[in-house]
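Below: one structure, written as structure tokens.
Residue numbers (our numbering): 1 to 52.
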């Protein structure tokens with residue numbers, strides 16, 4: 001691995017997962033979510049909903 005690839009970035013990391021066919025919540029009362037997009041920032045889910 002090169003030194004440039006192993007150095008850490010100083011900015012926040014963001015991940016967007018789109019076009020999810022079926023999103024499950026894990027909640028027995030409401031197991032299926034009306035959502036197709038998940039957004040995570042710095043390793044934590046910050047948003048779940050419909051993409052634009």
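Ideal Cβ placement from N, Cα and C applies to all residues, glycine included. Since this is a predicted model, take the numbers as computed values, not measurements.
Check	Outcome
For residue 20, the three-state DSSP class (helix, strand or coil)	coil
Beta-bridge partners of residue 41, as assigned by DSSP	14, 44
Three-state secondary structure assigned by DSSP to residue 49	strand
Straight-line Cα distance separating residue 10 from residue 22	34 Å
Nearest-angstrom beta carbon gap, residue 16 and residue 33 [assumed within contact, 8 Å]	Incorrect: roughly 16 Å between the Cβ atoms, too far for contact.
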